[in-house]
Amino acid sequence: MSFAENTPDYYKPYAPIYTDKQVYTWTDKVHITIVSPAWNENIHAIDSIGDDRYHQVKISTASNSLGPYRLTETSPNSGTFAGEVTLTGFSHDVDGDGVSDTTPRTSGNGPTSGLLEAKRDDGITISFEFADGVVLTKSVKIKLERRRNCVF
52 MSFAENTPDY YKPYAPIYTD KQVYTWTDKV HITIVSPAWN ENIHAIDSIG DDRYHQVKIS
112 TASNSLGPYR LTETSPNSGT FAGEVTLTGF SHDVDGDGVS DTTPRTSGNG PTSGLLEAKR
172 DDGITISFEF ADGVVLTKSV KIKLERRRNC VF
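Mind the numbering: the sequence shown is residues 52 to 203 in our numbering, read in order.
Listed below in structure tokens is the structure:
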């Protein structure tokens, strides 16, 4: 198959975005998968998407953002691209000693180096510019984790 046959179709964008959960806690690891056969450029190699300045993958919460963020193909010629981001929470004193026990930060460019600061009740939005002006998105919630006798 030639690259011309794999050129993204602006009028029928196909690149569903998946996460491994529907709801995350503020310190979870988020596994991201984008199925986009049109972006499988080399059938004999592992391709990547998202780190191109024109067709970026961006991962954001209400206050913080990563992007462009690179996702890599799971195997040659699969057209399935994956990566992960670890939510780092927010500044919080978990044990009540007056000192923050978390290290919130936002950094990384993919596919597994992402750290993203998240608030208690926040959300994550993943966007992929599939083609010029065609941006596909997926959003999931971040909820406060509650444990017996303890509220984070």
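Ideal placement from N, C-alpha and C gives every residue a C-beta, glycine not left out.
The structure presented is a predicted model; accordingly, all values stated were derived computationally and were not measured.
How do the stretch 87–97 and the stretch 109–121 stand: do at least 3 beta-carbon pairs fall below 8 Å, yes or no? no
Just list the beta strand (DSSP E) runs in the stretch 105–162, keeping only unbroken ones of 3 residues or longer that don't cross its boundaries, in chain order. 108–111, 122–124 and 131–140
Output yes or no for whether 8 Å exceeds the beta carbon distance between lysine 80 and threonine 137. yes
With 16 other CB atoms within 10 Å as the buried threshold, where does serine 151 fall? exposed
Give a yes or no on whether the C-beta atoms belonging to tyrosine 75 and isoleucine 177 are separated by under 8 Å. no
Euclidean distance between Cα positions of glycine 140 and threonine 84: 22 Å
Once DSSP output is grouped into helix, strand and coil, what is the label at alanine 96? coil
Residue of Gly161, His106 and Leu166 minimising C-alpha distance to aspartate 183: His106
Quick one: is valine 202 buried, meaning 16 or more other Cβ sit within 10 Å of its Cβ, or exposed? Bear in mind that a pLDDT of 48 at valine 202, under 50, signals an unreliable position, so the number given afterwards is only what the model happens to contain. Exposed.
Just curious, the beta strand (DSSP E) that leucine 195 is in, first and last residue? Careful: leucine 195 lies outside any beta strand (DSSP E) and carries neither H nor E.
Straight-line CA distance for arginine 156 to isoleucine 94? 37 Å
Reduced DSSP category for alanine 169 - H, G, I as helix; E, B as strand; rest coil: coil
Just tell me which of Ser158, Val186 and Leu195 has its CA closest to the CA of tyrosine 65. Val186
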